[in-house]
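Asker: Sending over a structure as C-alpha cells; questions will come in a sec.
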C-alpha cells in the first residue's frame with residue numbers, strides 16, 4: 325500500500341504519502357501543508373504536490389472538513405466541492421476514498437503513542453467503551469467511536485452545527501449578539517477560531533466598550549490573554565468553559581466511557597491555558613450525571629498528523645472488509 329492521504333480544511337490542506345512500516349504501523353512521507361483559500365480547488369494542490377515530490381501512488385484517502393455524501397463532499401468553510409470519481413479520472417488514481425475529517429481523527433486515535441496525548445482528566449482506570457472526538461479549529465468537528473465489546477467503529481457526525489443553548493443571562497446576551505449577525509447560532513459559532521473572534525467582540529460590547537472592527541484574529545486574542553489584556557482573558561475563559569460544556573454534552577450523548585479526545589489546533593496550541601481554565605468545570609457540570617462524567621478520561625491530541633494517519637487506517641480497513649475496524653487500545 326502506497327497512497328496519498330489528505331486532511332482538507334477551511335484553513336489548510338495537508339498532504340502526505342502513507343506506507344506501512346516494518347512493525348505493522350504506518351509511516352508518512354513528504355508531509356506538506358498548503359493554505360486552502362489560496363487555491364481554486366483540491367485537484368490543483370494534489371497535482372502540484374505529486375509533481376514537486378515526483379511520487380506516484382495507487383489511490384488516495386482524503387479527510388474532508390464537511391459532510392461526505394456517497395462519493396462527494398462540500399467543504400464547510402470553503403467553496404470547494406470534492407468529487408471522488410472526478411479526482412480518480414483527472415489524476416489517474418485507481419481509487420479515492422472520502423471521509424469526514426473528524427471520522428479520520430477517530431480512526432487515528434489507535435495510531436497514537438502515549439506521548440501524542442495529554443491527559444486532562446484520568447477518568448476510571450482501565451476504562452473501556454464508546455469514545456468521542458471533538459475538535460475546535462477553523463470550525464467545530466465532532467465524531468464518535470462505537471464500542472461493540474471487541475473493537476471501535478468510527479463514525480462521522482455534524483454535531484458542531486447543533487443549536488447553542490444559553491444557560492444564564494450573559495449567555496442569553498451572547499446568543500442575541502450572535503443572532504444579529506447570523507440567522508442561526510450553532511456551537512461552531514462559539515467553539516472555534518471564528519468563535520474566539522466573535523466572543524472577544526461580544527465581551528468588549530458587553531463591557532460597554534466598542535467592538536473591534538475588524539475583529540481580532542483568534543491567535544491575537546490568545547496572545548492578548550497571555551499578556552494579561554482583560555478583555556482577551558475574559559474571552560478565553562468563556563471560550564474554554566463553553567468548549568468544556570459542549571464536550572461534556574457530546575460525551576453524554578455518546579456515553580463515552582472509553583474516553584473523550586480533543587482534536588483540532590486550538591487545544592494543543594493553548595495547552596497551558598486550557599489546563600488552567602474552567603474547561604473541566606464545564607465538562608463535569610451535568611447535574612445528576614456529574615459522577616458519570618468524572619469516570620470518562622479526557623485527553624488532548626498533540627499529534628498534528630492524526631487525521632492523515634486515520635485516513636490511511638480507514639483505507640486499510642476499507643481494502644479489507646473482514647479485518648477489525650479499530651483494535652482495542
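Numbering (our numbering), first residue to last: 325 to 653.
Glycine residues also receive a C-beta, built at the ideal position from the N, C-alpha and C atoms.
Let me know the alpha helix (DSSP H) ranges lying completely inside the segment 544-600, each 4 residues or longer, listed in chain order.
Answerer: Counting only runs of 4 or more, we get 554-578, 590-593, 595-600.
Asker: Could you compute how far the alpha carbon of residue 528 sits from the alpha carbon of residue 536?
Answerer: Within the chain shown, the letter at position 204 stands for residue 528. Within the chain shown, the letter at position 212 stands for residue 536. If you take the alpha carbons of residue 528 and residue 536, they lie about 8 Å apart.
Asker: Going by DSSP, what residue range makes up the beta strand (DSSP E) through residue 337?
Answerer: Locating residue 337 in the chain shown gives position 13, where the first residue counts as 1. Its beta strand (DSSP E) spans residues 336-344.
Asker: Per DSSP, residue 512 forms a beta bridge with which residues?
Answerer: Counted from its first residue, the chain shown places residue 512 at position 188. In the DSSP output, where bridge partners are listed per residue, residue 512 has none listed.
Asker: Taking the CB atoms as reference points, tell me whether residue 356 and residue 373 lie closer together than 8 Å.
Answerer: As a working mapping, residue 356 is identified with position 32 in the chain shown. As a working mapping, residue 373 is identified with position 49 in the chain shown. Cβ atoms of residue 356 and residue 373: closer than 8 Å.
Asker: Are the C-beta atoms of residue 558 and some chain B residue less than 8 Å apart?
Answerer: Reference to chain B is not applicable here, since this structure consists of a single protein chain.
Asker: If we require 3 or more residues per run, which beta strand (DSSP E) segments fall completely within the segment 404-433?
Answerer: Those beta strand (DSSP E) runs which fall completely within the segment 404-433 and span 3+ residues are 405-407, 419-424.
Asker: From which residue to which residue does the beta strand (DSSP E) around residue 358 run?
Answerer: Counting from 1 along the chain shown, the entry for residue 358 is found at position 34. Run containing residue 358: 350-359, per the beta strand (DSSP E) assignment.
Asker: Can you find the residues in the same chain that come closer than 7 Å, C-beta to C-beta, to residue 595, ignoring five residues on each side of it along the sequence?
Answerer: Position 271 of the chain shown, counted from the first residue, corresponds to residue 595. Around residue 595: 442, 624.
Asker: Measuring only the C-alpha atoms, how far is residue 448 from residue 581?
Answerer: To locate residue 448, count along the chain shown from 1; it is residue 124. To locate residue 581, count along the chain shown from 1; it is residue 257. Their backbone Cα atoms lie some 8 Å apart in a straight line.
Asker: So, residue 392 versus residue 366, is the Cβ gap smaller than 8 Å?
Answerer: As a first step, residue 392 is located in the chain shown; it is residue number 68 there, counting from the start. As a first step, residue 366 is located in the chain shown; it is residue number 42 there, counting from the start. Cβ atoms of residue 392 and residue 366: not closer than 8 Å.
Asker: Answer yes or no: do residue 327 and residue 382 have a C-beta to C-beta separation smaller than 8 Å?
Answerer: What you label residue 327 is simply residue 3 of the chain shown in a count that begins at 1. What you label residue 382 is simply residue 58 of the chain shown in a count that begins at 1. For residue 327 and residue 382, yes; Cβs fall inside 8 Å.
Asker: So, using beta-carbon positions, are residue 401 and residue 387 closer together than 8 Å?
Answerer: Taking the first residue of the chain shown as 1, we reach residue 401 at position 77. Taking the first residue of the chain shown as 1, we reach residue 387 at position 63. In this structure, residue 387 does not lie closer than 8 Å to residue 401 by Cβ.
Asker: I need the DSSP call for residue 506, collapsed to helix, strand or coil.
Answerer: Residue mapping note: residue 506 aligns to position 182 of the chain shown, counting from 1. Residue 506: coil per DSSP, three-state reduction.
Asker: Does DSSP put residue 528 in a helix, in a strand, or in coil?
Answerer: Counting from 1 along the chain shown, the entry for residue 528 is found at position 204. Three-state result, residue 528: helix.
Asker: Does the segment 573-590 come into contact with the segment 456-471, if we say contact requires no fewer than three beta-carbon pairs (one atom in each stretch) closer than 8 Å?
Answerer: Taking 8 Å as the limit for Cβ pairs, the verdict is that the segment 456-471 does touch the segment 573-590.
Asker: Check for me: the beta strand (DSSP E) holding residue 479 runs from which residue to which?
Answerer: For this step, residue 479 is matched to residue 155 along the chain shown. From DSSP, the beta strand (DSSP E) with residue 479 extends over 475-480.
Asker: So, at 8 Å on beta carbons, what are the nonlocal neighbours of residue 451 in its own chain, with the 5 sequence-adjacent residues on each side left out?
Answerer: What you label residue 451 is simply residue 127 of the chain shown in a count that begins at 1. Around residue 451: 581, 582, 583, 619, 620, 621.
Asker: How about the segment 472-491 and the segment 427-439: do they share at least three Cβ pairs that are nearer than 8 Å?
Answerer: Touching, yes, given that three or more Cβ pairs across the two stretches are closer than 8 Å.
Asker: Compute the distance between the beta-carbons of residue 655 and residue 568, then report whether it is under 8 Å.
Answerer: Since the first and last residues shown for the chain are 325 and 653, residue 655 lies out of range.
Asker: Alpha carbon to alpha carbon, how far is residue 651 from residue 598?
Answerer: The residue labelled residue 651 in the question sits at position 327 within the chain shown. The residue labelled residue 598 in the question sits at position 274 within the chain shown. Only weak support exists for where residue 651 lies, its pLDDT of 45 falling under 50; the coordinates are left without a value.
Asker: Using alpha carbons as the reference points, say which of 445, 398, 549, 330 lies closest to residue 615.
Answerer: Within the chain shown, numbered from 1, the residue matching residue 615 stands at position 291. Ranking the options by Cα distance to residue 615, first place goes to 445.
Asker: In the structure shown, what three-state DSSP assignment does residue 459 receive?
Answerer: Here residue 459 is taken as the residue at index 135 of the chain shown, counted from 1. Residue 459: strand per DSSP, three-state reduction.
Asker: Whose C-alpha, out of 541, 490, 462, is nearest the C-alpha of residue 335?
Answerer: To locate residue 335, count along the chain shown from 1; it is residue 11. Closest by alpha carbon: 462.
Asker: Give the range of the beta strand (DSSP E) segment to which residue 470 is assigned.
Answerer: Stepping through the chain shown from its first residue, residue 470 is reached at position 146. 464-471 is the span of the beta strand (DSSP E), which, as asked, contains residue 470.
Asker: Are the CB atoms of residue 464 and residue 515 within a distance shorter than 8 Å?
Answerer: Here the question's residue 515 lines up with position 191 in the chain shown. Here the question's residue 464 lines up with position 140 in the chain shown. Cβ atoms of residue 515 and residue 464: closer than 8 Å.
Asker: Could you pull the DSSP bridge partners for residue 519 from this structure?
Answerer: Position 195 of the chain shown, counted from the first residue, corresponds to residue 519. Paired residues: none, contrary to the question.
Asker: Within 10 angstroms of its Cβ, does residue 333 collect 16 or more other Cβ (buried), or is it exposed?
Answerer: In the chain shown, counting from the first residue as 1, residue 333 sits at position 9. Buried: at least 16 other Cβ atoms inside 10 Å.
Asker: Between residue 346 and residue 639, is the Cβ-Cβ spacing less than 8 Å?
Answerer: Translated into the one-based positions of the chain shown, residue 346 becomes position 22. Translated into the one-based positions of the chain shown, residue 639 becomes position 315. Cβ distance not < 8 Å, so residue 346 and residue 639 don't count as in contact.
Asker: How is the beta strand (DSSP E) around residue 605 delimited, first residue to last?
Answerer: Here residue 605 is taken as the residue at index 281 of the chain shown, counted from 1. Careful: residue 605 lies outside any beta strand (DSSP E), inside the alpha helix (DSSP H) at 603-608.
Asker: When the Cα atoms are used, what is the spatial distance from residue 341 to residue 418?
Answerer: For the purposes of this step, residue 341 is identified with residue 17 of the chain shown, where counting begins at 1. For the purposes of this step, residue 418 is identified with residue 94 of the chain shown, where counting begins at 1. Their Cα atoms are separated by approximately 15 Å.
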